[in-house]
Amino acid sequence: MSISVKNITKLYGEQRALDEVSFEIGANEVVGFLGPNGAGKSTMMKILTCYIPPDSGRAMVCGLDVMEEPLKVKEKVGYLPEHNPLYLEMYVKEYLHFIAGLHKLDNKDARVKEMIGMVGLDPEQNKKIGALSKGYRQRVGIAQAMIHDPQVLILDEPTTGLDPNQLEDIRKLIVEIGKTKSVMLSTHIMQEVEAICSRVVIIDKGKIVADNSTRNLQQDSTQRQVVFVEFDKAVSRSQVSSIPGVSNAKNVEGNNWIIESKQEQDIRPVISRFALDNGLLVLTIRKEEVTLEDAFKRLTGKRNA
């Protein structure tokens, strides 16, 4: 396993930032580490990168204990923090040479040239970092995280603040990196997880609440159906909620409803029968795709009212 976490707990005073957290990440996996603000994502990443120690439990990276062999762990890990710490007065090539020197690389020139090409910094390589756009600064951050050819890459909110074109470029880059390295990334952008990650670990209030493939979470283990319905007349919530099989009903605008059901059978014929029995016409009815964002909200307690 590239990453193995067993019963990690971290306290800040009386607050449990992490509460007996356990998970594993295998070789060449791209795993999304998700959770609401304050859930413990950054704390877990800082433990895995040896910036802070856990209070109890054990974390291993490439078979190395983060407490017993932190320097060796750092040789195996590339890390991009949420707030990308760059020396803005340095030039791109100068900065990457500096980082390569910190890692005591023998082939600094060749490695810097390789990383500039890999992350798409060729047109900006002779500029000061402070003159770069947010997207190019993120590329510099990824380049510094990878320059020593780590086996594990840990990215904390790598696409925060990027425009759509920059987002697409960074996503493609991460997917490409994931073909040869294990990648653990945190983000609040669910479309990003769907596009990049094969697996998702969700943490809430310091505890793991889900660990599954992206596909399985999207399909939703409860087999929940979500149906959009537009009636021709007003109908009360109590009436819609009384439809057999309906577990939740939300009026979204006018005579439009979002209806949820946990039964396996398609609920649309039942809704149509309800409309007929109550003198209503169904103007629109369609099944909505259950997204990763829906699963995230359900697992972290953010249910529709």
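Numbering follows our numbering, with no gaps: position 87 of the sequence shown is 87.
For glycine and all other residues, C-beta sits at the position ideal for the given N, C-alpha and C.
Since the structure is predicted, the reported quantities are computational estimates derived from the model, not experimental observations.
Judged by their CB atoms, residue 202 and residue 299 are nearer to each other than the 8 Å cut-off. Apart from the 5 residues on each side of it in sequence, residue 111 sits with its Cβ closer than 7 Å to the Cβ of 100, 105 and 147 in its chain, given in chain order. Counting other Cβ atoms within 10 Å of its Cβ, residue 49 reaches 16 or more and is therefore classed as buried. Taking C-alpha positions only, residue 245 is separated from residue 235 by approximately 18 Å. With fewer than 16 other Cβ atoms from the protein chains shown falling within 10 Å of its own Cβ, residue 213 counts as exposed.
With a minimum length of 4 residues, the unbroken runs of alpha helix (DSSP H) contained wholly in the segment 172-257 fall at 190-196, 214-219 and 237-241. Within the same chain, and ignoring the five residues on either side of residue 193 in sequence, the residues whose Cβ sits closer than 7 Å to its Cβ are 32, 34, 187, 200, 214 and 292.
Beta-bridge partners assigned by DSSP to residue 268: none are found.
Looking at the backbone, the Cα of residue 70 and that of residue 155 are separated by about 18 Å. When DSSP states are grouped into helix, strand and coil, residue 157 belongs to the coil group. Between residue 76 and residue 152 the beta-carbon gap is near 6 Å, inside 8 Å, which marks them as a contact. DSSP places residue 287 inside the beta strand (DSSP E), whose first and last residues are 282-288. With a contact defined as Cβ atoms closer than 8 Å, residue 249 and residue 259 qualify at about 5 Å. Per DSSP, residue 35 lies in no beta strand (DSSP E) segment and is marked neither H nor E. DSSP places residue 86 in the coil class of the three-state scheme, outside both helix and strand. Per DSSP, reduced to three states, the secondary structure at residue 8 is strand. Of the other Cβ atoms in all chains shown, 16 or more fall within 10 Å of the Cβ of residue 121; this residue is therefore buried. Here DSSP, grouped into helix, strand and coil, assigns residue 42 to helix. Annotation: residue 217 to residue 289 spans about 12 Å, alpha carbon to alpha carbon.
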